[in-house]
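Novice:
2 protein chains.
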Amino acid sequence: MTEMEFQLSAIIKCSGSLTGISSAEIADFVLYCNETLLKKGAPKGGGAAIDWWNVAEEKLELKLVSDRYVRVHDALLRLKKELAKFLGKHRIGLRGVEIQVYEMTLDWDEDWQLKKLPFVKQMNQENGRLKLSLDVDEFALGNRIPDRLLKLLGDKKEAAKWKGKSEHWELLFESEKKPYYFDKDPTEEMLNRGWIRHAAGRGQFIYGPQITKIFRAFERILFDEIFTPLGYEEMIFPKLVTWDVWKRSGHAKGIYPEAYYVCTPKSRDPEYWEEVMDYYKVTNEVPLDMIMERIENVGGMCYAQCPPSWVFLQGKTMPDDILPIKVFDRSGTSHRYESGGIHGIERLDEFHRVEIVWIGKKEQVIEHSKQLQDKYRHIFEEILGIEWREAWVTPWFMAQEGKAGLSELKEAGTTDYEAVLPYSGKLLEFQNVSVNGNKYPKGFNVKLQSGEELWSGCSGVGLQRWAAVFLAQKGFDRDNWPVKFRDVVGELPEVFRFL
Amino acid sequence: MTEMEFQLSAIIKCSGSLTGISSAEIADFVLYCNETLLKKGAPKGGGAAIDWWNVAEEKLELKLVSDRYVRVHDALLRLKKELAKFLGKHRIGLRGVEIQVYEMTLDWDEDWQLKKLPFVKQMNQENGRLKLSLDVDEFALGNRIPDRLLKLLGDKKEAAKWKGKSEHWELLFESEKKPYYFDKDPTEEMLNRGWIRHAAGRGQFIYGPQITKIFRAFERILFDEIFTPLGYEEMIFPKLVTWDVWKRSGHAKGIYPEAYYVCTPKSRDPEYWEEVMDYYKVTNEVPLDMIMERIENVGGMCYAQCPPSWVFLQGKTMPDDILPIKVFDRSGTSHRYESGGIHGIERLDEFHRVEIVWIGKKEQVIEHSKQLQDKYRHIFEEILGIEWREAWVTPWFMAQEGKAGLSELKEAGTTDYEAVLPYSGKLLEFQNVSVNGNKYPKGFNVKLQSGEELWSGCSGVGLQRWAAVFLAQKGFDRDNWPVKFRDVVGELPEVFRFL
């Protein structure tokens, strides 16, 4: 039994009756297909074949079988082309193809549970084999739906295999132990002090003048220590992200449970919305069901920050001598539908991040990521004086994909910065530096004049995460803050008081 | 014929048969209601009355009529209370009320077209009268649905009356004529120069290093000329706005055609989204219909910028001596679903605005708005050197609402800043200063210790609008820019080049 088996039954409709063509001539054609045409590109003994055929007036009915090499839908395409030539000699044309049966069978462990698959109308799982019956037409075959379905099954198999196993984690650097000056939750403390207040949304705060000044001090540090000395320039990246961007960045594969979705009105005509407005005015209730009928989804709110910026370069070719490019964006909020319950400023649905992006050739990008890491160490050690560590983190199944093992994979990968929150004893991932390889230039079709491969890296500085770590370790008594940081912050403003 | 007529038929269900109570006793009760209870608060000759009644076992059937004064639904409430007392003497309780008919009739011009109204099952418009038959239960009457429906009709009448008439416009100040150095569309020029590029979304751009530096120069000017000398502090306002905020700010009445709606997943469970992910992986198409079934609307993206900040003060009482409060926010994007076609950076769906908010007593807020206006005049005249004018603008129907005419209304109102775009000859509204009266403190229930009324004002500085005006009038040759502005901007960075 071969690993994968495919079976396809189809009716090919022609412009005239086929009964005038002799059976022998058709049998010769089928023989040629089975011995030559449908075997091309397959290893010896492999490939596709016409297993059965029948002529009924202007219809040719046939059944194709194959292994993984010339899959039946590819075989059908080859066959159609050849058949058109063959029938052309008899002045008969092809009119269309009706797919009656499409089945695939492959090895499948019973533990890898499946519920529902797109384009699959029936599935059977027994004796270590999975048999799928597909609901596809010629158009779907042209779009390679069966191939993508097999890729999806491969992904599910990998995910099932590694489920529950932790990621690969490797310590790169660890700071000295530092004294902790605080043992409470800084979010609670800020709420009590009136520095922040829960906003109306989930995982969302309003930030008062004191903590905003601390955030801006973090930005000041980034300017003084990174942007100015390393030659960064500021850009403004879009904050509404359309599906087209997420298709290119790969987020469209899995962002769904965590996205904040954005929808636009199907019409801007006030009359289209009059019923909604009237309902609200009469009931003081916003009619959410009526709204859902009148809007359409176009994408989501900023999630990873750098993907939409790549549209600036999309389809362009750049001269090599302008590399490396170094830009940053701090023009808006990021939004993630985070898991469960109440959480402080260390895990938010709405947060503020300075996104740092660098683009260059492979060596330039790797080299620059090391420069950045040096700068961050300096900031955390000399200016914020926090206790932290750096780790190289990769999910196991990704690590396994690397052909030459972990060491080579490490060239493109993520360094996470982690720090202890004394009040809970838990580690918070408060920063990252990622080398993304050629992922984005490839996804957005950006090229280099020399033809060399273009790489990129990004690093997100979450202002709330920095504050969560700093305040959790250093507390709210400014005398315990490092002098250098105190100088950058200046006095904290007092604007509001409440009774 | 009185201006408004109401009619209501209801069945009041009781806990026991009413047949044991004499007709005379009930007639006395009805007489008392008609002469006293249902007339209280109405002018002589006005009020409600029981027009007909009938006892059928444990049911009391009745028909109420009224004019505008003690509307039938209010009459029904009074009656129920009194009836409970009356029946109590016979040891009978009330069990429920079933509304069979609710009709209202009022004067209505045939030109004021109506299509559909909430809670209205039938409407007739003839001889200058509108008759509405309502589908309401006791709960809806308790929620004052008929009153709100009348308010809605009043709004529609006003809107119909003023339809097509322009707003009230009054010139407050006009700068000197200035030389124009450019006659093209600055958006086109920036696209050609590679300063900006259309992003993937509607009315959305990605801003390169040069124009971003100009935006940041505008912010620098705001700091130097306004925030520092006038004692402003920075805050961070939320950028996802929930319906609760828009209900309090009033936007829920009419924002619908222009909003960017935000929806969250109904579940964060990856299994809930597996079908969506699988569909995408197999087709490379994002299944928008499947997404719409799995998300729910919670509000929208930032539209007016200051409303969600009021949650910081919601329900609080402040001491008088901290006033006036002066804060600003520049932490993210604003989004409006703008009308039609292609448009440049002067009318965008995604734009960047510095929002300035001041809060105080009435005199403080008005006084501060004048200070701000002086500062803006200085900036536009001395630093940007543009040609502009200021106008006080109010829609006519709002102006009409003012009891003492325009002059008093002007205390709370909007000053618009307009400038000519030489390439089109059109005026662009590029800035505003608004005194909002007590609207926000009232909507968000913010009070002052002294009990005095709290007012507020806001002013939005749209960075793209400032750039549109400045570049349209001054062009891209830096030699034509005012020296003071050139000094603030510094050199424009060159980061990207394309083949």
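Going down the list, the protein sequences come from chains A and B.
If you count the first sequence from 1, you need to add 3 to reach the numbering used here.
If you count the second sequence from 1, you need to add 3 to reach the numbering used here.
By construction, the Cβ of each residue, glycine as well, lies at the ideal position given by its N, Cα and C atoms.
Every value quoted in this text rests on a predicted model; they were computed, and no experiment measured them.
1. Using a Cβ-Cβ cutoff of 9 Å, what residues of the region 270-282 of chain B are near chain A? List them in chain order.
2. If distances are taken between C-alpha atoms only, which option among A:Asp110, A:Leu40, A:Gly335 and A:Leu495 comes closest to Leu80 (chain A)?
3. For a minimum of 3 consecutive residues, which ranges assigned as the beta strand (DSSP E) are wholly contained in the region 44-132 of chain B?
4. Shortest alpha-carbon distance to Ile294 (chain B) belongs to which of B:Tyr282, B:Lys119 and B:Ala162?
5. Which residues mark the beginning and the end of the alpha helix (DSSP H) in which Met293 (chain A) is found?
6. Report whether the distance from the Cβ of Gly428 (chain A) to the nearest heavy atom of the ligand PLP is below 7 Å.
7. From the DSSP output, which residues share a beta bridge with Arg356 (chain B)?
8. Nearest chain A C-beta to Tyr105 (chain B) closer than 8 Å, yes or no?
9. Measure from the alpha carbon of Lys181 (chain B) to the alpha carbon of each residue in B:Phe32, B:Leu152, B:Lys378 and B:Glu390, then state which is nearest.
10. Please confirm if the region 97-109 of chain A is in contact with the region 11-23 of chain A, defined as three or more CB-CB distances below 8 Å between the two stretches.
11. Quick one: give me the first and last residue of the alpha helix (DSSP H) that Thr3 (chain A) is part of.
12. If you drop the 5 nearest sequence neighbours on each side, which residues of the same chain put their C-beta closer than 7 Å to that of Glu404 (chain B)?
13. Rank A:Glu191, A:Ala52 and A:Val248 by C-alpha distance to the C-alpha of Leu34 (chain A) and give the top, closest one.
14. Do Phe1 (chain A) and Thr320 (chain B) have their C-beta atoms closer together than 8 Å?
15. Skipping 5 residues on each side, what residues in its chain have a beta carbon closer than 7 Å to that of Ser372 (chain A)?
16. For His93 (chain A), is the classification buried or exposed, using 16 other Cβ atoms within 10 angstroms of its Cβ as the cut-off for buried?
17. Could you pull out every residue in the same chain whose Cβ sits closer than 7 Å to the Cβ of Trp115 (chain B), ignoring the five residues on either side in sequence?
18. Thinking C-beta only, is Ile199 (chain B) closer than 8 Å to Tyr210 (chain B)?
19. Would you report the Cα separation of Tyr426 (chain B) and Met193 (chain B), rounded to the nearest angstrom?
20. Using a Cβ cut-off of 7 Å, pull out every chain A residue sitting near Gly49 (chain B), in sequence order please.
21. Give me the DSSP bridge partner(s) of Ala13 (chain A).
22. Have a look at B:Glu61, B:Lys242, B:Leu375 and B:Lys83 and flag the residue whose alpha-carbon is nearest the alpha-carbon of Met304 (chain A).
23. Counting only Cβ pairs nearer than 8 Å, list the residues of chain E close to Cys17 (chain B).
24. Can a CB atom of chain B be found closer than 8 Å to the CB of Asp112 (chain A)?
25. Any chance the region 270-286 of chain B sits against the region 264-283 of chain A, with 3 or more Cβ pairs inside 8 Å?
26. Determine the closest residue to Phe315 (chain B) out of B:Gly335, B:Gln452, B:Ile362 and B:Asp482, with distance taken between C-alpha atoms.
27. For Asp138 (chain B), name the three-state secondary structure that DSSP assigns.
28. Is it right to say His381 (chain B) is buried, meaning 16 or more other beta carbons lie within 10 angstroms of its own, or is it exposed?
29. Mind listing the chain B neighbours of Trp246 (chain A)? Cutoff is C-beta to C-beta under 7 Å, in chain order.
30. Taking the alpha helix (DSSP H) that Asn195 (chain B) belongs to, which residues open and close that run?
31. How many angstroms separate the CA atom of Pro322 (chain B) from the CA atom of Ile328 (chain B)?
32. Thinking C-alpha only, which one of A:Tyr306, A:Trp55, A:Thr417 and A:Ile95 is nearest Val396 (chain A)?
33. Pick helix, strand or coil for Ser459 (chain A), following the three-state DSSP scheme.
34. In this structure, does DSSP put Glu404 (chain A) in helix, strand or coil?
35. What residues of chain A sit near Thr267 (chain B), judged by a beta carbon separation below 8 Å?
36. Does the beta carbon of Pro232 (chain B) sit closer than 8 Å to a beta carbon anywhere in chain A?
Specialist: On the basis of the coordinates in this document:
1. Ser270, Arg271, Asp272, Pro273, Glu274, Tyr275, Trp276, Glu277, Glu278, Val279, Met280, Asp281 and Tyr282
2. A:Leu40
3. 51-59, 62-69, 97-110 and 123-129
4. B:Tyr282
5. Leu291 to Arg297
6. The ligand PLP is not part of this structure, which contains no ligands at all.
7. B:Gly465
8. no
9. B:Glu390
10. yes
11. With chain A covering 4 to 502 only, the question about residue 3 (chain A) has no answer from this structure.
12. With a pLDDT of only 48 at Glu404 (chain B), under the threshold of 50, the placement of this residue in the model should not be trusted; the figure read from the coordinates follows. Result list for Glu404 (chain B): empty, nothing under 7 Å.
13. A:Ala52
14. Residue 1 (chain A) lies beyond the range of chain A shown here (4 to 502); nothing can be said about it.
15. Val436, Val438 and Gly460
16. exposed
17. Lys159, Lys160 and Ala163
18. yes
19. 14 Å
20. Ordered by position in chain A, no residue passes the 7 Å Cβ test against Gly49 (chain B), which lies about 25 Å from the chain.
21. A:Leu65 and A:Ile102
22. B:Lys242
23. In summary, chain E is missing from the structure at hand, where the protein chains are A and B.
24. no
25. no
26. B:Ile362
27. coil
28. exposed
29. Val289
30. Pro189 to Arg196
31. 11 Å
32. A:Thr417
33. strand
34. At Glu404 (chain A), the pLDDT of 48 sits below 50, so the modelled position is not reliable and the matter cannot be decided from this model.
35. Arg205, Tyr263, Tyr264 and Tyr340
36. no
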